[in-house]
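Enquirer:
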Amino acid sequence: MASFLKIKNDLFSKCLRDINYFQSRSAKSPAMTQRGYKKKQRIFSLNKIPGDRVDERMMIGTQKHLKYFPGYNCGINPRDKSLYAITAGTVYYSIERVQLNSNNPLVQQYFVNTIQPYYNKYIHVIPDKLENEFRLVDIVYIIMDKRKYTIMAAVTAAVFGAIGYYYYQKRDSIDEAIKKTADTIKQQADVVKQQTDNAQKNIQEAMKELEKNIPDKSQKATKLSSKK
């Protein structure tokens with residue numbers, strides 16, 4: 001029994017000797033050993049004012065609390081609430097009235113008794129004006145359904161081509177037909193004019209004959225006096 005306890009104690013002591021205990025300490029940097037060392041404080045401010053131009057993914061400003069909200073073409077980083085530009089353009093600010101959601105529990109908790117309207121400040125990025133670089137195309141078709149729209153485009157192109165070819169081939173005959181119709185209309189107008197002139201002449205001749213056949217009043221008076 002004594003020998004067994006001796007062996008047990010020897011094994012236990014050897015196990016304790018094998019275990020090494022180390023104290024975890026971090027090494028000091030040279031800057032931490034200097035006197036008057038202070039950690040650099042982060043400055044929260046807006047780097048861009050209204051009218052400044054920004055490029056894509058450029059930082060507009062940082063904020064500790066959510067004071068400025070992202071507007072048109074402006075994004076926000078959910079981690080540090082910093083604002084950045086989604087597209088290149090010009091920065092503009094605006095103050096707009098907020099339409100609060102009455103079903104939201106936070107709105108019910110903090111804005112249920114507010115009588116005055118609630119306004120927020122928004123930052124927008126107005127994109128640059130696009131250059132007028134356009135190309136005219138004969139037929140535009142959608143790429144999603146290539147077969148359908150290519151057939152339609154081919155049919156329309158064939159129809160317009162046939163019309164143009166027919167007009168080009170029959171151009172002289174069409175012009176001649178137009179000239180013939182114009183000549184016939186002119187001839188009919190001349191015939192109508194001649195008929196009206198002849199009718200006026202006949203009316204004038206008939207009036208003259210009537211005037212000759214009717215005697216004057218003076219001749220009638222002389223005849224009556226001679227009879228008496």
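Under UniProt numbering, think of the first position of the sequence shown as 1, with each following residue one higher.
For glycine and all other residues, C-beta sits at the position ideal for the given N, C-alpha and C.
Since this is a predicted model, take the numbers as computed values, not measurements.
Where DSSP assigns a beta bridge to Ser82, which residues make up the other side?
Expert: Answer is none; Ser82 lacks a bridge partner.
Enquirer: Where do the ends of the beta strand (DSSP E) carrying Gly75 lie?
Expert: Element bounds for Gly75: Cys74 to Ile76.
Enquirer: Within the same chain, show all residues whose beta-carbon is closer than 8 Å to that of Glu56, passing over the 5 residues directly before and after it, in chain order.
Expert: Ala85, Ile86, Thr87 and Ala88
Enquirer: Given a cut-off of 8 Å, decide if Asn47 and Pro127 are closer than it, judged by their beta-carbon atoms.
Expert: no
Enquirer: Confirm, please, whether the CB-CB distance from His124 to Gly51 is below 8 Å.
Expert: Between Gly51 and His124, the C-beta gap is not smaller than 8 Å, which leaves the two residues out of contact.
Enquirer: May I ask which residues mark the beginning and end of the beta strand (DSSP E) holding Phe44?
Expert: Element bounds for Phe44: n/a, residue is neither H nor E.
Enquirer: Report the three-state DSSP secondary structure of Lys180 (helix, strand or coil).
Expert: helix
Enquirer: Determine the direct distance from the alpha carbon of Pro105 to that of Leu83, and round the result to whole angstroms.
Expert: 27 Å
Enquirer: Check whether the Cβ atoms of Val54 and Val107 sit closer than 8 Å, and answer yes or no.
Expert: no
Enquirer: Go ahead and label Ile49 buried or exposed: buried means 16 or more other beta carbons lie within 10 angstroms of its beta carbon, across all protein chains shown.
Expert: The C-beta of Ile49 has fewer than 16 other C-beta atoms within 10 Å across all chains shown, which makes the residue exposed.
Enquirer: State the start and end residues of the unbroken beta strand (DSSP E) segment that holds Asn103.
Expert: Looking at the DSSP string, Asn103 is not in any beta strand (DSSP E), and its letter there is neither H nor E.
Enquirer: Based on Cα-Cα distance, which residue from Asn120, Gln116, Ala177 and Asn103 lies nearest to Ser94?
Expert: Minimum Cα distance to Ser94 is reached at Asn120.
Enquirer: Using 10 angstroms around the beta-carbon of Tyr118, count the other beta-carbons present and answer buried if the total reaches 16, otherwise exposed.
Expert: Per the 10 Å Cβ criterion, exposed.
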